[in-house]
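Chains as they are written, first to last, in our numbering: chain L, 36 to 440; chain B, 36 to 440; chain F, 37 to 174; chain W, 37 to 174.
Positions of the beta carbon are idealized from the N, C-alpha and C atoms, including for glycine.
Keep in mind that this is a model prediction, so the values were computed, not measured.
Written out below as structure tokens is the structure these notes cover.
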Amino acid sequence: MGINIDKIRADFPILQRKVNDVPLIYLDNAATSQTPKQVIDTIANYYAKYNANIHRGVHTLSQEATELYEGARKNIQTYFNAKESHEIIFTSGTTHGINLVASGYASLLNKGEELIVSEIEHHSNIVPWQMLCEQTGAELKVIPMNINGELEMSAFDRLLNAKTRLVVVNHVSNALGTINPIKEIIKKAHAVNAKVLIDGAQAAPHIKADFQEIDVDFYTVSAHKMYGPTGVGFLYGKEELLNSLPPYQGGGEMIHEVTFEKTTYAELPHKFEAGTPNISGGIAFGATIDFIKGIGIDNIANHEKTLLEYATKSLLNIEGLHIYGNVANKTAVISFNIEGIHPYDLGNILDKLGIAVRTGHHCAQPIMSYYNIPGTVRASFAVYNTLSEIDTLVKGIQKAITLLK
Amino acid sequence: MGINIDKIRADFPILQRKVNDVPLIYLDNAATSQTPKQVIDTIANYYAKYNANIHRGVHTLSQEATELYEGARKNIQTYFNAKESHEIIFTSGTTHGINLVASGYASLLNKGEELIVSEIEHHSNIVPWQMLCEQTGAELKVIPMNINGELEMSAFDRLLNAKTRLVVVNHVSNALGTINPIKEIIKKAHAVNAKVLIDGAQAAPHIKADFQEIDVDFYTVSAHKMYGPTGVGFLYGKEELLNSLPPYQGGGEMIHEVTFEKTTYAELPHKFEAGTPNISGGIAFGATIDFIKGIGIDNIANHEKTLLEYATKSLLNIEGLHIYGNVANKTAVISFNIEGIHPYDLGNILDKLGIAVRTGHHCAQPIMSYYNIPGTVRASFAVYNTLSEIDTLVKGIQKAITLLK
Amino acid sequence: MQTLKEIQESIIEEFAIFSDWTEKYEYIIDLGKSLPLIEPQHKTDENIVKGCQSNVWLHADFQDGKMIYKADGDAIITKGIIALLLRVYSNQSPKEIVNSDLSFIDSIGLKEHLSPTRANGLVAIVKRIRIEAIARTK
Amino acid sequence: MQTLKEIQESIIEEFAIFSDWTEKYEYIIDLGKSLPLIEPQHKTDENIVKGCQSNVWLHADFQDGKMIYKADGDAIITKGIIALLLRVYSNQSPKEIVNSDLSFIDSIGLKEHLSPTRANGLVAIVKRIRIEAIARTK
Ligand SMILES: Cc1ncc(COP(=O)(O)O)c(C=O)c1O
Ligand SMILES: Cc1ncc(COP(=O)(O)O)c(C=O)c1O
Chain L
36 MGINIDKIRA
46 DFPILQRKVN
56 DVPLIYLDNA
66 ATSQTPKQVI
76 DTIANYYAKY
86 NANIHRGVHT
96 LSQEATELYE
106 GARKNIQTYF
116 NAKESHEIIF
126 TSGTTHGINL
136 VASGYASLLN
146 KGEELIVSEI
156 EHHSNIVPWQ
166 MLCEQTGAEL
176 KVIPMNINGE
186 LEMSAFDRLL
196 NAKTRLVVVN
206 HVSNALGTIN
216 PIKEIIKKAH
226 AVNAKVLIDG
236 AQAAPHIKAD
246 FQEIDVDFYT
256 VSAHKMYGPT
266 GVGFLYGKEE
276 LLNSLPPYQG
286 GGEMIHEVTF
296 EKTTYAELPH
306 KFEAGTPNIS
316 GGIAFGATID
326 FIKGIGIDNI
336 ANHEKTLLEY
346 ATKSLLNIEG
356 LHIYGNVANK
366 TAVISFNIEG
376 IHPYDLGNIL
386 DKLGIAVRTG
396 HHCAQPIMSY
406 YNIPGTVRAS
416 FAVYNTLSEI
426 DTLVKGIQKA
436 ITLLK
Chain B
36 MGINIDKIRA
46 DFPILQRKVN
56 DVPLIYLDNA
66 ATSQTPKQVI
76 DTIANYYAKY
86 NANIHRGVHT
96 LSQEATELYE
106 GARKNIQTYF
116 NAKESHEIIF
126 TSGTTHGINL
136 VASGYASLLN
146 KGEELIVSEI
156 EHHSNIVPWQ
166 MLCEQTGAEL
176 KVIPMNINGE
186 LEMSAFDRLL
196 NAKTRLVVVN
206 HVSNALGTIN
216 PIKEIIKKAH
226 AVNAKVLIDG
236 AQAAPHIKAD
246 FQEIDVDFYT
256 VSAHKMYGPT
266 GVGFLYGKEE
276 LLNSLPPYQG
286 GGEMIHEVTF
296 EKTTYAELPH
306 KFEAGTPNIS
316 GGIAFGATID
326 FIKGIGIDNI
336 ANHEKTLLEY
346 ATKSLLNIEG
356 LHIYGNVANK
366 TAVISFNIEG
376 IHPYDLGNIL
386 DKLGIAVRTG
396 HHCAQPIMSY
406 YNIPGTVRAS
416 FAVYNTLSEI
426 DTLVKGIQKA
436 ITLLK
Chain F
37 MQTLKEIQES
47 IIEEFAIFSD
57 WTEKYEYIID
67 LGKSLPLIEP
77 QHKTDENIVK
87 GCQSNVWLHA
97 DFQDGKMIYK
107 ADGDAIITKG
117 IIALLLRVYS
127 NQSPKEIVNS
137 DLSFIDSIGL
147 KEHLSPTRAN
157 GLVAIVKRIR
167 IEAIARTK
Chain W
37 MQTLKEIQES
47 IIEEFAIFSD
57 WTEKYEYIID
67 LGKSLPLIEP
77 QHKTDENIVK
87 GCQSNVWLHA
97 DFQDGKMIYK
107 ADGDAIITKG
117 IIALLLRVYS
127 NQSPKEIVNS
137 DLSFIDSIGL
147 KEHLSPTRAN
157 GLVAIVKRIR
167 IEAIARTK
């Protein structure tokens with residue numbers, strides 16, 4: 036049942052690295068996870084054997100590259116249980132996916148209609164909706180958080196009404212790790228005929244969402260946060276909803292026919308995939324899914340739960356350390372501060388000790404405003420992290436305190 | 036002065052491949068060029084040693100990845116002689132770059148104002164402007180082509196007027212290879228205060244544009260067509276013009292400060308680079324520039340000129356073969372048809388012989404309409420192609436004719 | 037009258053004798069050349085499938101419990117494959133068509149031509165052949 | 037009065053004695069702690085540079101031909117580096133400041149703190165120090 040951490044670690048060449056002459060301890064996984072050699076090799080192998088522009092090509096390379104790329108799409112579809120593979124739109128990442136939907140809604144929203152977002156979102160899931168509301172005159176409502184970093188669901192109930200067109204919430208908060216009750220949110224939103232977009236960037240590395248089971252309308256993800264390459268992600272959307280959105284970008288692939296008088300658009304998924312895509316990235320995203328399936332997402336989640344519990348307990352032993360986000364249902368992310376110490380200073384010292392954590396507002400300034408803090412130190416874990424790395428982290432923090440106080 | 040083709044070919048692992056049991060002859064470079072091991076290794080090395088989310092990170096990996104990424108931006112800036120490195124906006128490719136500008140102009144254009152495009156554009160440089168004109172009520176004017184595949188410059192002179200806001204033309208036509216007189220176009224457009232966007236996708240692998248010298252306003256490129264990876268490109272824009280455009284996508288990085296009341300945007304280039312970018316792609320794009328510099332773009336152009344002349348002469352010896360695009364000033368692209376043979380059939384047979392060419396409309400349907408043909412067969416050359424490959428191509432075509440006629 | 041399955045099998049047998057791709061393609065090209073497959077009046081906009089690579093036309097009729105398909109294409113190799121498809125599907129009952137599979141194309145080594153991303157119109161033809169048959173089973 | 041160049045050299049000398057990064061950081065942290073660098077009334081919105089990681093403030097005065105800089109930051113390491121910067125730049129003539137370079141930061145192994153992408157506000161501080169000096173050379 037368990038997993039073999041040594042074996043998994045051996046798949047990640049970067050974990051052999053030293054930083055400032057000590058072995059790297061990488062705890063910045065919520066920003067970008069590391070990449071196993073299976074994925075790196077897939078990229079190198081693509082360029083060494085199959086590289087060609089896909090779709091519409093008659094020659095063998097183009098056919099093979101297309102099959103690999105479309106195979107990756109199918110792999111993603113199956114893994115997340117989407118109904119159709121053309122409901123998986125390849126994007127350059129979560130931000131792109133969210134903007135695609137926000138831009139499409141510009142033509143569907145009317146003044147006075149409402150969008151609901153939450154207070155614990157990443158800027159990528161706030162700013163596009165602000166821009167959309169500015170453009171359309173729709174109103175942006177905010178589900179407030181409480182001190183534990185949870186959404187106030189009773190407030191959500193009050194915000195929902197017949198004018199609500201869209202609810203956008205992350206599945207997991209990047210700054211706090213909170214797992215939001217998205218199934219409940221989707222159900223309630225559907226009851227007033229609103230659609231729901233879930234930002235799954237922080238969930239996908241830890242939890243498998245079953246798109247049909249949760250009945251989500253849109254779900255979007257970045258490969259680079261789930262052991263995959265940079266520059267690729269996907270947007271899932273229900274077929275009829277994707278069909279109802281106008282195309283986002285114009286260009287090759289998304290076209291059926293072009294004349295200067297009239298242009299007709301291609302079918303899904305091509306309608307939203309203008310231009311040559313990140314072919315190597317898409318194919319490597321497929322290999323990423325295989326990597327996760329190989330270990331098993333439940334095994335990953337179990338291991339990370341052990342890490343989270345151990346790290347929480349160990350960190351709370353440090354005097355003056357305060358953890359932000361204290362819900363039972365969270366992923367292995369710990370955002371914290373130490374009384375009298377600026378997060379930037381702590382991050383600096385930890386880096387000198389070879390420990391990579393993220394410091395700052397984590398692109399979630401509303402959360403920082405809520406707690407009235409400039410930022411936090413965030414340690415975020417992945418399947419390759421170990422309990423002994425957590426011990427080193429704790430020792431590092433203690434050393435930093437001695438230096439800084 | 037010459038180049039060592041064997042040495043260059045040895046850098047491209049894919050050229051060792053066999054297709055249908057014969058050695059691959061890759062003549063589909065205008066769709067996607069092949070990738071040298073220097074670029075492949077840069078990607079693999081990035082993931083094995085430096086992978087981290089860039090900007091704002093305090094830890095060493097993030098700092099190093101940021102330096103590599105920003106170093107690539109500087110490398111591109113220097114190579115194309117942009118004034119400032121923040122005038123180079125990383126994109127996912129040419130299509131993205133064009134859409135970014137088109138979307139920005141939505142807030143700058145007024146009804147009755149005019150855009151000029153040409154008849155020999157790729158769909159990616161047509162559709163976004165059609166969408167823009169539909170949105171704003173601006174009018175799209177088309178510079179016609181002539182039978183040789185050249186722009187009718189006298190018609191351009193007549194189309195230009197005080198209402199012209201933007202002229203968008205490719206530097207090199209993907210379907211014909213025609214090199215357009217962009218310096219003249221820019222000069223004339225500036226004389227009526229219009230701005231110019233040049234689609235450089237097909238030029239960058241063959242010609243070095245000096246942005247300050249030609250005084251271009253926007254110029255955009257895809258790495259995958261110039262020996263680089265898929266999923267990355269750049270948009271160059273003059274600083275004051277980029278500043279005048281509203282942000283394209285909302286998200287992380289492009290933000291200075293976010294509250295639910297008001298969001299302020301970051302400075303260039305971040306304003307246009309929302310979300311985690313294609314970090315490995317950007318860094319590998321830098322390696323691509325180094326690869327081209329290592330050979331020398333003039334040496335590349337000279338070699339390709341030899342290929343073009345030899346191939347043109349050889350192909351014209353084939354009875355019934357007609358070449359589309361017959362200007363003196365063209366890149367190594369030959370679009371052709373053979374009387375009585377459908378391009379798709381010819382492409383099929385050539386593929387069986389290991390020869391990869393592209394067939395179809397090449398995402399340039401207006402050109403096909405002009406010639407009233409369903410498509411062409413396009414052989415496009417790169418620095419690693421050889422005269423003997425052209426001989427094989429000619430033999431292959433002759434064999435195909437025997438089979439098909 | 038051969039059944040659909042029997043026709044597929046005899047096509048597979050015929051293709052087994054080809055010793056290389058050239059022979060196979062010569063045969064397909066001959067098939068493609070041999071027949072004007074559709075009456076001009078049926079080459080309508082409604083019946084066209086515009087592939088990115090080549091255009092195809094399909095016209096369906098229903099006579100005496102059998103589907104009668106006519107089709108055409110502008111590329112000769114596509115046309116040859118269309119000829120094979122019609123040999124299999126035309127003159128069969130809707131039910132047989134709906135229950136059939138296309139694996140014979142695989143067996144004769146022409147799978148790539150029916151790849152959904154090839155944009156030669158053939159996938160759309162096969163889809164239409166089935167749709168027209170399904171419409172007649174109700 | 038030491039010249040700007042001399043101050044930089046003496047800082048380099050001071051740092052040369054540290055045998056590891058811990059000693060160096062202890063020293064910088066001490067520098068950071070030792071001084072409230074700016075008067076509260078000068079901690080205005082105008083003088084703030086909001087870095088993504090930490091905030092810094094800079095106030096400039098011109099007295100008797102010399103620039104007088106006061107600055108502050110909310111992170112202690114940043115503050116320590118600010119203290120070094122002020123030791124170098126404050127009380128120097130605008131001309132000397134404009135003609136100076138920052139290579140001493142490199143020599144003492146703190147280059148990463150002045151990386152433009154670090155978002156700790158220090159790069160902006162250096163920029164402002166120069167801009168204020170340039171304004172007084174005209
Ligand atoms: C002239 C031209 N413009 C634009 C594009 C689109 O480039 P991409 O697909 O990389 O976005 C192409 C690619 O074929 C092209 O040839
Ligand atoms: C919750 C959440 N949403 C969206 C994003 C943006 O993802 P990307 O930068 O890959 O577009 C992130 C990344 O930090 C995130 O954590």
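Inset, instruction - Taking Asn383/B as the query, report the chain F residues whose CB atoms sit under 7 angstroms from its CB, ordered along the chain. - result: Within 7 angstroms Cβ-Cβ: Ile113.
Inset, instruction - Please report how far the alpha carbon of Ala254/L lies from the alpha carbon of Lys223/B, in whole angstroms. - result: The displayed chain sequence assigns Tyr, not Ala, to residue 254/L. If I take the Cα positions, the gap works out to 48 angstroms.
Inset, instruction - Give a yes or no on whether 7 angstroms exceeds the smallest Cβ distance from Ala155/F to chain D. - result: Annotation note: the requested chain D is absent from the structure, which comprises protein chains L, B, F and W.
Legend entry - Within chain B, the residues that Ile78/L reaches when beta carbons sit closer than 9 angstroms: Ile75, Ile78, Ala79, Tyr82, Pro264, Ser315
Legend entry - Span of the alpha helix (DSSP H), counted from its first residue to its last, around Ala160/W: 158-171
Legend entry - Listed by chain order, chain W residues near Gln112/B by CB distance under 9 angstroms: Chain W residues near Gln112/B: none, gap ~14 angstroms exceeds 9 angstroms.
Inset, instruction - Flag His377/L as yes if its beta-carbon sits less than 7 angstroms from any beta-carbon of chain W, otherwise no. - result: yes
Legend entry - Check: Thr130/L C-beta below 6 angstroms from any heavy atom of ligand 2: yes
Legend entry - Interface flag, Asp386/B vs chain L, CB-CB below 7 angstroms: yes
Inset, instruction - Compute every distance between the C-beta of Asn209/B and the non-hydrogen atoms of ligand 1, then say whether any falls below 6 angstroms. - result: yes
Inset, instruction - State the DSSP-derived secondary structure class of His396/L, mapped to helix, strand or coil. - result: coil
Inset, instruction - Would you tell me roughly how many angstroms separate the C-alpha atoms of Ala417/L and Glu424/L, rounded to the nearest one? - result: Approximately 12 angstroms between the Cα atoms of the pair.
Inset, instruction - Using a Cβ cut-off of 8 angstroms, pull out every chain F residue sitting near Glu119/L, in sequence order please. - result: Neighbours of Glu119/L on chain F: none; closest Cβ ~13 angstroms, over 8 angstroms.
Legend entry - Contact set between Thr394/L and chain W, taken where Cβ atoms lie within less than 7 angstroms: Gln89
Legend entry - Buried or exposed (CB count within 10 angstroms, at least 16 for buried), Arg193/B: With fewer than 16 other Cβ atoms within 10 Å, it is exposed.
Legend entry - Own chain residues within Cβ distance below 8 angstroms of Phe54/W, not counting five before or after: Lys60, Tyr63
Legend entry - Nearest to Gly157/W (by Cα), restricted to the options Gln89/W, Leu120/W, Arg172/W: Per the Cα distances, Gln89/W.
Legend entry - Those residues which DSSP pairs with Arg413/B across a bridge: Ser370/B, Arg393/B
Legend entry - Any non-hydrogen atom of ligand 1 closer than 6 angstroms to Gln237/B Cβ: yes
Legend entry - Asn205/L: CB within 6 angstroms of a non-hydrogen atom of ligand 2: A distance criterion of 6 angstroms places the beta-carbon of Asn205/L in contact range of ligand 2, judged by its closest non-hydrogen atom.
Legend entry - Lys223/L (DSSP reduced to helix, strand or coil): helix
Inset, instruction - Could you tell me whether the Cβ atoms of Gln170/L and Ala137/L are closer together than 7 angstroms? - result: no
Inset, instruction - Whole angstroms is fine: what's the gap from Leu143/B's alpha carbon to Val204/B's? - result: 20 angstroms
Inset, instruction - Taking only the alpha-carbon atoms, compute the straight-line gap between Asp426/B and Lys147/W and give it to the nearest angstrom. - result: 57 angstroms
Legend entry - Sub-7 angstroms separation of Ala119/W and Leu67/W beta-carbons: yes
Legend entry - Residues that Lys365/B bridges to, as DSSP identifies them: Thr213/B
Legend entry - At least 3 beta-carbon pairs within less than 8 angstroms: the segment 106-126 of chain B vs the segment 99-116 of chain L: Contact between the segment 106-126 of chain B and the segment 99-116 of chain L is not established, with fewer than three Cβ pairs separated by less than 8 angstroms.
Inset, instruction - Verify the CB distance criterion: does Gln98/B have a CB-CB separation below 7 angstroms to chain W? - result: True, the Cβ-Cβ gap to chain W drops below 7 angstroms.
Inset, instruction - Taking 7 angstroms as the cut-off, decide whether the C-beta atoms of Thr70/B and Gly310/L are in contact. - result: no
Legend entry - Start-to-end residues for the alpha helix (DSSP H) that takes in Ala493/B: Outside the shown range of chain B, which is 36 to 440, sits residue 493/B, and nothing can be said about it.
Inset, instruction - Would you check if the distance between the CB atom of Thr265/B and the CB atom of Ser127/L is smaller than 7 angstroms? - result: no
Inset, instruction - In angstroms with no decimal places, state the Cα-to-Cα distance between Asn127/F and Asp100/F. - result: Spanning the two alpha carbons is a distance of roughly 9 angstroms.
Inset, instruction - Tell me, please, which residues DSSP counts as bridged to His95/F. - result: Lys106/F
Legend entry - Pick from Arg393/L, Ser120/L, Asn372/L that is closest to Leu350/L, judged by C-alpha positions: Asn372/L
Inset, instruction - Anything in chain B within Cβ reach of Ile65/F, meaning under 7 angstroms, just list it in chain order. - result: Leu438, Leu439
Legend entry - Host alpha helix (DSSP H) of Thr341/B (start-end): 332-351
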